[in-house]
Every structure is written in structure tokens, then in C-alpha cells.
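Undergrad:
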Amino acid sequence: MTVTHPNLEALEPKMNAEGVSVYYGDKQAIKDVSIGIPAKYVTAFIGPSGCGKSTFLRALNRMNDTIPTARVEGQIELDGENIYSTGMDVVQLRARVGMVFQKPNPFPKSIYDNIAYGPRIHGIFEQKSDLDEIVENSLKRAGLWDEVKDRLSDPGTALSGGQQQRLCIARAIAVDPEVILMDEPCSALDPIATAKIEELIAELSGRYAIVIVTHSMQQAARVSDRTAFFHLGEIVEYGRTSDIFTKPIEQRTKDYITGRYG
Amino acid sequence: MSEAITTPAGEPPAALEPVSAHRTERFEQRLKARYAQERRFKALGLAAISFSVLVLILLLGNMLLNGIGGFQRAELSVEVDFVQSGLQAPTSGATAAETMRSLDEQGLRSVVYRAAQQSLGAAGADQLNSEAWREIAATIHTNPAILTRKELLSLPASADLSAGYSGEGTREMQELASELVARDLLRKSLDIGFLERSDATDPQLAGIWGALKGSVLTMLVTFLLAFPIGIMAALYLEEYAPKNRWTDFLEVSINNLAAVPSIIFGLLGLFFLMTAFPTLRSTPIIAGVTLALMTMPVIVISGRNAIKAVPPSIRDGALAVGASPVQVVFHHVLPLALPGMLTGTIIGMARALGETAPLILIGLRAFVATPPEGFTSAATVLPVQIFLWSDEIDRGFVERTSAAIIVLLIVLLLMNGLAIYLRNKFEKSW
């Protein structure tokens, strides 16, 4: 059962999960999870390995659909509309709920084409100059413009790991999503690149709802406004990040944030 | 090691200061053994490569040495005085066949024979190839101006004289050949016509063009059928098909199909295609379809492996920006898998190009003296031509066979070169 901190103020919700369970075949990975994702804030999912936080994240934009054995029960709403209902188009959903992965995965194309790919397939621009503008703005917002503006035709895979991850964030921004899901975006990066991504998350949070899964409690403390602690497929505790880290209610949360297990 | 720690009162040394397990004598011996193993492995690999290269060089060298003779033929020098002959040039606009018929009616054969008697003597003129006049007719067709002058022509000798020239055949022929060579009237010269003519019963007149064209047409049909169908099947099986018993069965069937001996495909073509389309016997289209059936499983298997090798993170990335499954496949998976698919295709096509057995079954064994005009005219292909010539008794065909093998190998090399070029091109376009 989820413990929600009593003094949690209500924020404008962007996504809302009600009684969500995810199964891989017979194995239940997520058990009856309910949580609200506020708009324009950063929500962090923390918890030990295998606790289901990434699985739940992937349920939020139906990336689990690609796994044939995965099955989702319960209801996840985006602006009040169930994303698992038959009326919801999954392509449209993923354009609204973007995702950044653990390992940077730029397409083996030029930097420009990496960013332009999303706008191109969705046709959200009128002329070539509009597309140029989208590419420039996305790269600027991802803090990568100054580093790559002179070599937009170079392959995206030739960038460093941290730059590649920012390229992937720019790629997600380019389709103008409402929510950005980040699955341990810094786990493959060095501390300096990590700091840049964290700065970027802080800048983006005023504009998008951001959900970040992280292994690093310090990172969750630094970048997020809300934190949910996952354990064994459940959300144990959910509240303001400062509350979770300074006055946790549940014993399991206390043990985890003090480093007893993880 | 010798520097073992000595301890008083016989206490176990390990208790005082443990000797590292990586610094004992046994460890060093094991280390040496490991390096020796690596050296042995390297030497074995080098030996294997050297052996393959040696075999390849022997094979190619042997083919080249034998085949060079096949690109040459014995030719007699004959001076023909066209002015005196009174032959009339054909009317402009006449086809090659019409020119030939007209010149034949005007007695070109006897003109040539008389000229040969004058140049070579009676015995030599008899050994002028009986079809030599056709080559003169063809020359007149392309260049009627020679009818106004005397021309020194190189004309093919008979097969008997050619054998005599090579030191074989009857003694008379050997003597005649050496006499003509001494008078500088008989020589071996490069036979470009070998690449322009088609099969003939006389090795002096046989050429490879008909079989080459047949092979090209057949490969075209094979590629156009097997490549798109194979790639589509691979894409569907990897990207869309549900994983269940039915698709497992399909996968096993395709793997088995790739291992089926080629002659079985020939029987398939014989029983089904030939029964359905009896008029297409021994045509490139039926050969192409049969070979496509044989090549498709290879393309499907290599295509599936190439698709499997595309990292899932690329698919995730495309899906996450809202690409539909079809867009993921055609924008990301296919371009990344294409180089691997091309490699598999070329292996399949190379096998199809060299295939003989199934084609013999569906009637490409026939003697075809004219190059095929299209996909539905009678044809033969390079490997079958090689097979047919290797069966001939005439000594001249032995060299022609080697020459045909060289042509086949060159076509194969060109095909592989094209595939490698395309593969590199697609790999660079990222």
C-alpha cells in the first residue's frame, strides 16, 4: 500500500495512474500502482534494481507494447484520457509522451537528421526553414547548439556519450511532447556530462512534465520535485522530494535512503 | 618460487605472509603454456589461410594457362580481290541476314575458295573453315567499302588444321600446318569473336555470347523475384509475425529449404513449371524462376540475421519519437540491415549463377546456336555451356571450355564487386 505524505499539496496533474499492474507472462512486475504525475514538475522514481520503476515508466508511453508477453492492467490517463483505451492511438501517444533511454541511442544519421526525424514523420512544419528552426531550437534547449552548430551534417554517433544523450533529449524535444520520460539517462555518463544533463532537466521542467528513473539518490534529490520510492513492484512512499529524503515515514524507505540496501 | 619465506619453528609460511597465487612457479608454467597455445593457434590459422590461397592460385593459374588458348584461334591469311570478284554491295538498309543471302547468291563462297587457292594452294584452301565466308559477309555488311579494293583477311582455319597446328591430329595436317606457318600464312591470333558468337559444332566457330546473355537474363529474373520476395519475407517474419508454433514451423521449413540439393529444385521446375507452361521449356524465365526458388531461402535466412543484428535501441528510439511500426522498419531497420542482406543475396546469386544440375533438368541442355532474344526464347547458360563443351570429343573444345570458365569467373567477380560496392555505399550513407 502506498504511503502518501500528508502535507502534499495538489498540483495540476498531467498523467494519472490508477491501480496499474504489469505482467511479463505469468510474472507480475508492477502491483497495483497508483500515482499522479504533475505537469511542469520533475518526478523521480527511485528504488533498488528490479523493483519495476523502469517497467512502470515504459507503461506510461506504452513502450511495453513491443514486448509480446507484457500485459498492462488498470488505467493510466493522460489529460484525463485513458492511454490504453481503444480510442488512443499509440503513435500519437508517443509523440505526446517522449522518452530518453538509459544508453544514448542516436540514429546512425547526421545530427540534423536525428533531430529532424520526428518533425518529418509527424509533418509538423511547413517549409524547410521551419524545420531548420525546430532543429536549432531543440538543440539550443538541450544545450548542445554551441557545440554542434558548425557540424550538423556529421553523424550523431560521432559525438561523445554525454553529447549523444543531449542529442537524444533534443530529439525528444523536437516533436514538442507534453511529457518526457527519462530512464536512467545518466547511468552511462561521467560526472561532468551528468551535471550537464541535470542542469538541462532543471531548465526543461518549467515546460514539460518530466519523469526520471534514477539509481542515484543524490540525483533524485538534486533534480526532482516529487519522489516515488519503488520496492518489489509497488510504490512504497510518495511525496515531496525534500520530505522523502529528510523525513521518510516507511521503514523500507528509511533503510533504502540511508543505504541499507539497494 | 625460490624466495619462499623461511619461518622459525616450522610454522606454516602462509600464515605469516601469504605468497600471491599469481607469483608461484606453477602459475608461471601455466602462463608459458597459455602463450604457447596462442602461438600454436596463430600458426594453425596462418597455415589454413596459406593453404586456401595456394589452392586458389593453383586453380586460377591452371584455368588461365589453359584458357588463354581458348581466347585464340588458328587463322589463315587470305588475300581477296573484291574488285575482280564483281560482287555487288547490298542495298543500303538491308539486314545482316539479307546481305548474307544476297552475297551467297552472288557466289561469295566460290570467290573465297578461289582466293584461298591462290593464297594458300589447293591443300590449304581445303582447310579454310567452311563457314569462313559468313565472316566475310558480316564484314561487308558493316563496311561495304572493302568491295572496292583488295583485302588481306584473317579467316578461321578448319578444326583439323587447328588441331594439326597444336601438334595433334593427323600427320598430314601437322605437316600442312608447319608449311603454312613457315610461309607466314597460318597463325594463332586473339579471337575477340569468342565473346560475340554463340555455340557451334565446330570449336573454331564456337563462342560464349549466347550462354553469357542467357546467364545474364536468367540472373535478372532470379534477382527480381528472389530479392524483393526474400527481403519482404524476412522483414515480415522478424518484425510482424507473432512468435508461435506456426512461425516456428515456417522457420524450420525455410532452413530446410536452404539445404535442399539444387537438383530437387530442378525436378520441382520440371514437374510444376514445365507442366503449367510447356512452351517456356529451356528459356531464361523458367530457369530464373527455378533458381529464384532455390535462392530465396538463403536470402530470407541472411536477411533475418541482418535484421536481428539491428540494435533494439534504434527501434526504441524511433518508436519513442512516435514512428509507426512501418516507419521504424523502412526508415531504420531496413537501411541498417541492407548491407547484411546484400551480402546474403550475393552468396545466393553466386550459387545460382554457377548452378548446372537443375537447369539441365528443365531443358537448358539444348544446343542453342543463336543468342536468346528475350526472356522467353530458347537459351543456355554459362555453367551448362561449360558442361556441354567439356563433354565434346573435339580437342578444340577443351581450350574453349577453360576460356568459358574464365568468363564465368569474371562475371562472378563483377557481380561480387558490384555487391561490395553497393554494400559500402549503403554503409557510408549514414
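Just so you know, the protein sequences line up as chains A and B, in that order.
For the first sequence, this note's numbering assigns the number 217 to the initial residue and increments by one for each residue that follows.
For the second sequence, this note's numbering assigns the number 281 to the initial residue and increments by one for each residue that follows.
Beta carbons: idealized from backbone N, C-alpha and C, even for Gly.
All of these numbers come straight from a predicted model, not from anything done at the bench.
Comparing alpha-carbon positions, which option in A:Glu349, A:Gly235, A:Leu224 and A:Arg278 lies nearest Leu599 (chain B)?
TA: The residue labelled residue 599 (chain B) in the question sits at position 319 within the second sequence. Comparing Cα-Cα distances from Leu599 (chain B) to each of A:Glu349, A:Gly235, A:Leu224 and A:Arg278, the minimum goes to A:Arg278.
Undergrad: Where Thr299 (chain A) and Thr636 (chain B) are concerned, what is the direct C-alpha to C-alpha distance, given to the nearest angstrom?
TA: Counting from one through the first sequence, the residue named residue 299 (chain A) turns up at place 83. Counting from one through the second sequence, the residue named residue 636 (chain B) turns up at place 356. It is worth fixing the name first, because residue 299 (chain A) is Ile in this sequence and not Thr. Near 59 Å, if we compare the C-alpha coordinates of Thr636 (chain B) and Ile299 (chain A).
Undergrad: Classify Val582 (chain B) as helix, strand or coil using the three-state DSSP reduction.
TA: As a first step, residue 582 (chain B) is located in the second sequence; it is residue number 302 there, counting from the start. Checking the sequence shown, residue 582 (chain B) turns out to be Ser, not Val. Three-state DSSP puts Ser582 (chain B) in a helix.
Undergrad: Specify the secondary structure class of His447 (chain A) as computed by DSSP and reduced to three states.
TA: For the purposes of this step, residue 447 (chain A) is taken as the residue at position 231 of the first sequence. It is a strand residue.
Undergrad: Of all the options B:Lys322, B:Trp489 and B:Val578, which has the alpha carbon lying nearest to the alpha carbon of Val687 (chain B)?
TA: Within the second sequence, the letter at position 407 stands for residue 687 (chain B). Nearest C-alpha to Val687 (chain B): B:Trp489.
Undergrad: Could you give the residue range of the alpha helix (DSSP H) that holds Met315 (chain A)?
TA: Taking the first sequence and counting its residues from 1, one reaches residue 315 (chain A) at position 99. No alpha helix (DSSP H) holds Met315 (chain A); the beta strand (DSSP E) holding it covers Val313 to Val316.
Undergrad: Taking DSSP's pairing of strands, which residues face Ala658 (chain B) in a bridge?
TA: Start at 1 with the first residue of the second sequence, and residue 658 (chain B) comes out as number 378. None, per the DSSP bridge assignment.
Undergrad: Does any C-beta atom of chain B lie closer than 8 Å to the C-beta of Tyr328 (chain A)?
TA: What you label residue 328 (chain A) is simply residue 112 of the first sequence in a count that begins at 1. Taking Cβ atoms only, chain B never reaches closer than 8 Å to Tyr328 (chain A), which makes this a no.
Undergrad: Which full runs of the alpha helix (DSSP H) of 4+ residues lie inside the region 232–282 of chain A, going along the chain?
TA: If we require 4 residues or more, the alpha helix (DSSP H) runs fully inside the region 232–282 of chain A come out as 269–275.
Undergrad: Go ahead and pull the three-state DSSP assignment for Asp406 (chain A).
TA: Here the question's residue 406 (chain A) lines up with position 190 in the first sequence. Three-state DSSP puts Asp406 (chain A) in coil, outside helix and strand.
Undergrad: For the alpha helix (DSSP H) that contains Gln435 (chain A), what are its first and last residues?
TA: Counted from its first residue, the first sequence places residue 435 (chain A) at position 219. Its alpha helix (DSSP H) spans residues Met433 to Val439.
Undergrad: Quick one: what does DSSP say Met398 (chain A) is sitting in, helix, strand or coil?
TA: For the purposes of this step, residue 398 (chain A) is identified with residue 182 of the first sequence, where counting begins at 1. Strand.
Undergrad: Note down the Cα distance separating Pro335 (chain A) from Gln607 (chain B), rounded to an integer number of angstroms.
TA: Taking the first sequence and counting its residues from 1, the one referred to as residue 335 (chain A) is at position 119. Taking the second sequence and counting its residues from 1, the one referred to as residue 607 (chain B) is at position 327. Roughly 13 Å between the two C-alpha positions.
Undergrad: Drop a sphere of 10 angstroms on the beta-carbon of Ser300 (chain B), count the other beta-carbons inside from all chains shown, and report buried for 16 or more, exposed for fewer.
TA: As a working mapping, residue 300 (chain B) is identified with position 20 in the second sequence. Its Cβ having fewer than 16 others within 10 Å, Ser300 (chain B) is exposed.
Undergrad: Does the beta-carbon of Ser709 (chain B) have 16 or more other beta-carbons within 10 angstroms, so that it is buried, or is it exposed?
TA: Position 429 of the second sequence, counted from the start, is the residue given in the question as residue 709 (chain B). Confidence at Ser709 (chain B) is low in this model, with a pLDDT of 49, below 50, so its placement is unreliable and the value that follows should be read with caution. Label assigned to Ser709 (chain B): exposed.
Undergrad: Give me the Cα-Cα distance between Ser403 (chain A) and Gly314 (chain A), rounded to the nearest whole angstrom.
TA: For the purposes of this step, residue 403 (chain A) is taken as residue 187 along the first sequence, with counting starting at 1. For the purposes of this step, residue 314 (chain A) is taken as residue 98 along the first sequence, with counting starting at 1. Ser403 (chain A) and Gly314 (chain A): Cα-Cα distance of roughly 19 Å.
Undergrad: Taking Cβ positions, are Gly602 (chain B) and Val391 (chain A) nearer each other than 8 Å?
TA: The sequence position of residue 602 (chain B) within the second sequence is 322, counting from 1. The sequence position of residue 391 (chain A) within the first sequence is 175, counting from 1. Result yes, Cβ atoms of Gly602 (chain B) and Val391 (chain A) sit closer than 8 Å.
Undergrad: Could you tell me the alpha carbon to alpha carbon distance between Gly366 (chain B) and Gly387 (chain B), rounded to whole angstroms?
TA: Counting from one through the second sequence, the residue named residue 366 (chain B) turns up at place 86. Counting from one through the second sequence, the residue named residue 387 (chain B) turns up at place 107. Taking the straight line from one Cα to the other gives about 10 Å.
Undergrad: Whole angstroms is fine: what's the gap from Asn696 (chain B)'s alpha carbon to Arg703 (chain B)'s?
TA: For this step, residue 696 (chain B) is matched to residue 416 along the second sequence. For this step, residue 703 (chain B) is matched to residue 423 along the second sequence. Computed Cα separation, rounded: 10 Å.
Undergrad: So Pro436 (chain B) is in the beta strand (DSSP E); what residue range does that whole segment cover?
TA: Translated into positions along the second sequence, residue 436 (chain B) becomes position 156. Unbroken beta strand (DSSP E) run through Pro436 (chain B): Lys430 to Pro436.
Undergrad: My output table needs one value for Asp329 (chain A): the three-state DSSP class, helix, strand or coil.
TA: Here residue 329 (chain A) is taken as the residue at index 113 of the first sequence, counted from 1. Here Asp329 (chain A) sits in helix by DSSP.
Undergrad: Residues of the region 336–353 of chain A in Cβ contact with chain B at a cutoff of 7 Å, in chain order, please.
TA: Within the region 336–353 of chain A, the qualifying residues are Ile337 and His338.
Undergrad: Identify the continuous beta strand (DSSP E) that holds Asp406 (chain B) and give its terminal residues.
TA: To locate residue 406 (chain B), count along the second sequence from 1; it is residue 126. Premise fails: Asp406 (chain B) lies in the alpha helix (DSSP H), Ala402 to Asp406, not in any beta strand (DSSP E).
Undergrad: List the endpoints of the continuous alpha helix (DSSP H) containing Ala513 (chain B).
TA: Residue 513 (chain B) sits at position 233 when you count from the first residue of the second sequence. Unbroken alpha helix (DSSP H) run through Ala513 (chain B): Trp489 to Leu515.
Undergrad: Please return the same chain residues whose Cβ sits closer than 6 Å to the Cβ of Gly347 (chain B), not counting the five positions on each side in sequence.
TA: Numbered from 1 along the second sequence, position 67 holds the residue referred to as residue 347 (chain B). Once the five neighbours on either side are set aside, the close Cβ partners of Gly347 (chain B) are Ser682, Ala683 and Ile686.
Undergrad: Starting from Leu311 (chain B) and walking both ways along the alpha helix (DSSP H), at which residues does that stretch end?
TA: On the second sequence, position 31 is the one that residue 311 (chain B) refers to. Glu305 to Gly350 is the span of the alpha helix (DSSP H), which, as asked, contains Leu311 (chain B).
Undergrad: Can you grab the Cα-Cα spacing for the pair Ala284 (chain B) / Cys384 (chain A), in whole Å?
TA: For this step, residue 284 (chain B) is matched to residue 4 along the second sequence. For this step, residue 384 (chain A) is matched to residue 168 along the first sequence. At Ala284 (chain B), the pLDDT of 49 sits below 50, so the modelled position is not reliable and the matter cannot be decided from this model.
Undergrad: For Tyr424 (chain A), name the three-state secondary structure that DSSP assigns.
TA: Your numbering for residue 424 (chain A) matches position 208 in the first sequence. It is coil, neither helix nor strand.
Undergrad: Exposed or buried, which one is Lys493 (chain B) when buried takes at least 16 other CB atoms within 10 Å?
TA: The residue given as residue 493 (chain B) occupies position 213 in the second sequence. By the 10 Å Cβ count, Lys493 (chain B) comes out buried.
Undergrad: With a threshold of 8 Å between beta-carbons, can His599 (chain B) be considered close to chain A, or not?
TA: As a position in the second sequence, residue 599 (chain B) is number 319, starting the count at 1. Sequence inspection shows Leu at residue 599 (chain B); the His mentioned does not correspond to that position. Answer yes: the Cβ-Cβ gap between Leu599 (chain B) and chain A drops below 8 Å somewhere.
Undergrad: Does Asn391 (chain A) get closer than 8 Å to chain B when you measure Cβ to Cβ?
TA: Along the first sequence, one-based indexing puts residue 391 (chain A) at 175. The sequence shown places Val at residue 391 (chain A), rather than the Asn named in the question. It does: the Cβ of Val391 (chain A) has a partner Cβ on chain B nearer than 8 Å.
Undergrad: Among the candidates B:Ile579, B:Gly654 and B:Arg429, whose CA atom is the shortest distance from the CA of Glu359 (chain B)?
TA: Counting from 1 along the second sequence, the entry for residue 359 (chain B) is found at position 79. Minimum Cα distance to Glu359 (chain B) is reached at B:Arg429.
Undergrad: Can the beta-carbon of Thr575 (chain B) be found less than 8 Å from the beta-carbon of Ala632 (chain B)?
TA: As a working note, residue 575 (chain B) is residue 295 in the second sequence. As a working note, residue 632 (chain B) is residue 352 in the second sequence. Yes, the Cβ-Cβ distance between Thr575 (chain B) and Ala632 (chain B) is below 8 Å.
Undergrad: Anything in chain A within Cβ reach of Ser593 (chain B), meaning under 8 Å, just list it in chain order.
TA: Taking the first residue of the second sequence as 1, we reach residue 593 (chain B) at position 313. Neighbours of Ser593 (chain B) on chain A, chain order: Phe317, Lys319 and Asn321.
Undergrad: Alpha carbon to alpha carbon, what distance is there between Ser442 (chain B) and Ile690 (chain B)?
TA: Taking the first residue of the second sequence as position 1, residue 690 (chain B) is located at position 410. Taking the first residue of the second sequence as position 1, residue 442 (chain B) is located at position 162. Roughly 27 Å between the two C-alpha positions.
Undergrad: Can you have a look at Ile327 (chain A) and say buried or exposed, based on whether 16 or more other CB atoms are within 10 angstroms of its CB?
TA: By 1-based counting over the first sequence, the position of residue 327 (chain A) is 111. By the 10 Å Cβ count, Ile327 (chain A) comes out buried.
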